[in-house]
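Counting in the working numbering, the sequence shown runs from 46 upward without gaps. One structure is given here, and the rest of the page talks about it.
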Amino acid sequence: MGWVFNNEKERVKNNLTPAIISRITNITAVSYEVQELVAGINYLIDGVPSGTDSRLNGCCQRILGNLSRSNELLRLGIENTKQLRTMDWTSNGD
(Lines of atoms letter the chains of each structure in order from A and count residues from 1; the text may use other names and numbers.)
(Lines give C-alpha, C1' and ligand atoms only; values in the text may rest on other atoms or scores of the structure.)
Protein backbone atom coordinates (compact mmCIF):
# COMPACT_ATOMS: atom_id res chain seq x y z
CA MET A 1 0.00 0.00 0.00
CA GLY A 2 1.35 3.43 -0.90
CA TRP A 3 2.12 5.98 -3.56
CA VAL A 4 3.68 4.82 -6.83
CA PHE A 5 5.14 6.92 -9.62
CA ASN A 6 3.08 6.93 -12.84
CA ASN A 7 5.38 7.42 -15.85
CA GLU A 8 2.48 8.11 -18.24
CA LYS A 9 1.10 10.89 -16.03
CA GLU A 10 4.57 12.41 -15.75
CA ARG A 11 4.97 12.34 -19.54
CA VAL A 12 1.59 14.04 -20.05
CA LYS A 13 2.38 16.63 -17.36
CA ASN A 14 5.74 17.42 -18.99
CA ASN A 15 4.03 17.95 -22.37
CA LEU A 16 1.34 20.29 -21.02
CA THR A 17 3.46 23.40 -20.44
CA PRO A 18 5.02 23.45 -23.93
CA ALA A 19 1.57 22.83 -25.45
CA ILE A 20 0.07 25.72 -23.48
CA ILE A 21 2.99 28.00 -24.41
CA SER A 22 2.37 27.13 -28.07
CA ARG A 23 -1.28 28.17 -27.71
CA ILE A 24 -0.23 31.45 -26.07
CA THR A 25 2.11 32.10 -29.00
CA ASN A 26 -0.69 31.39 -31.49
CA ILE A 27 -3.15 33.66 -29.67
CA THR A 28 -0.53 36.43 -29.51
CA ALA A 29 -0.04 36.15 -33.28
CA VAL A 30 -3.80 36.45 -33.84
CA SER A 31 -3.86 39.45 -31.53
CA TYR A 32 -1.23 41.19 -33.67
CA GLU A 33 -3.31 40.46 -36.77
CA VAL A 34 -6.39 41.99 -35.16
CA GLN A 35 -4.33 45.04 -34.16
CA GLU A 36 -3.38 45.41 -37.82
CA LEU A 37 -7.08 45.32 -38.70
CA VAL A 38 -7.76 48.06 -36.15
CA ALA A 39 -4.95 50.16 -37.64
CA GLY A 40 -6.42 49.70 -41.11
CA ILE A 41 -9.90 50.61 -39.92
CA ASN A 42 -8.56 53.69 -38.15
CA TYR A 43 -6.71 54.70 -41.31
CA LEU A 44 -9.88 54.32 -43.40
CA ILE A 45 -11.94 56.23 -40.84
CA ASP A 46 -9.40 59.06 -40.95
CA GLY A 47 -10.87 60.81 -37.94
CA VAL A 48 -14.48 60.69 -39.14
CA PRO A 49 -15.94 57.35 -38.07
CA SER A 50 -19.21 56.15 -39.53
CA GLY A 51 -21.51 53.85 -37.59
CA THR A 52 -20.25 50.77 -39.39
CA ASP A 53 -16.61 51.68 -38.88
CA SER A 54 -17.18 52.33 -35.19
CA ARG A 55 -18.99 49.02 -34.74
CA LEU A 56 -16.24 47.14 -36.56
CA ASN A 57 -13.58 48.86 -34.50
CA GLY A 58 -15.52 48.07 -31.32
CA CYS A 59 -15.77 44.41 -32.32
CA CYS A 60 -12.03 44.27 -32.89
CA GLN A 61 -11.38 45.86 -29.49
CA ARG A 62 -13.61 43.25 -27.81
CA ILE A 63 -11.75 40.50 -29.68
CA LEU A 64 -8.43 41.89 -28.44
CA GLY A 65 -9.76 41.92 -24.88
CA ASN A 66 -10.93 38.32 -25.19
CA LEU A 67 -7.60 37.20 -26.63
CA SER A 68 -5.76 38.93 -23.80
CA ARG A 69 -7.99 37.21 -21.24
CA SER A 70 -7.43 33.85 -22.95
CA ASN A 71 -3.68 34.28 -22.61
CA GLU A 72 -4.06 35.21 -18.94
CA LEU A 73 -6.04 32.03 -18.32
CA LEU A 74 -3.52 29.93 -20.21
CA ARG A 75 -0.68 31.39 -18.10
CA LEU A 76 -2.67 30.45 -15.03
CA GLY A 77 -3.01 26.99 -16.50
CA ILE A 78 0.78 26.71 -16.70
CA GLU A 79 1.03 27.51 -12.99
CA ASN A 80 -1.65 24.96 -12.19
CA THR A 81 0.03 22.17 -14.17
CA LYS A 82 3.00 22.42 -11.80
CA GLN A 83 0.70 21.20 -9.02
CA LEU A 84 -0.63 18.15 -10.86
CA ARG A 85 0.22 14.85 -9.22
CA THR A 86 1.95 12.13 -11.15
CA MET A 87 1.70 9.55 -8.38
CA ASP A 88 -1.06 7.00 -7.91
CA TRP A 89 -2.24 5.47 -4.68
CA THR A 90 -2.23 1.73 -4.74
CA SER A 91 -3.67 -0.48 -2.06
CA ASN A 92 -1.53 -3.50 -2.90
CA GLY A 93 1.83 -1.84 -3.58
CA ASP A 94 1.86 -2.80 -7.28
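Cβ atoms here follow ideal geometry from the backbone N, Cα and C, with glycine treated the same way.
Hey, could you find the ends of the alpha helix (DSSP H) Asp133 is sitting in?
First-last for Asp133: 132–135, but that is the beta strand (DSSP E), not the alpha helix (DSSP H).
For the 8 Å Cβ check, are there 3 or more pairs between the stretch 82–99 and the stretch 47–59?
No, the stretch 82–99 is not in contact with the stretch 47–59.
Nearest-angstrom Cα distance between Ser113 and Thr62?
Computed Cα separation, rounded: 18 Å.
Going by C-alpha to C-alpha distance, which of Trp48, Arg68, Gly47, Val49 sits closest to Asn116?
Across the set Trp48, Arg68, Gly47, Val49, the C-alpha of Arg68 shows the shortest separation from the C-alpha of Asn116.
For a quick check, are the C-beta atoms of Ile72 and Ile123 less than 8 Å apart?
Going by C-beta atoms, Ile72 is not nearer than 8 Å to Ile123.
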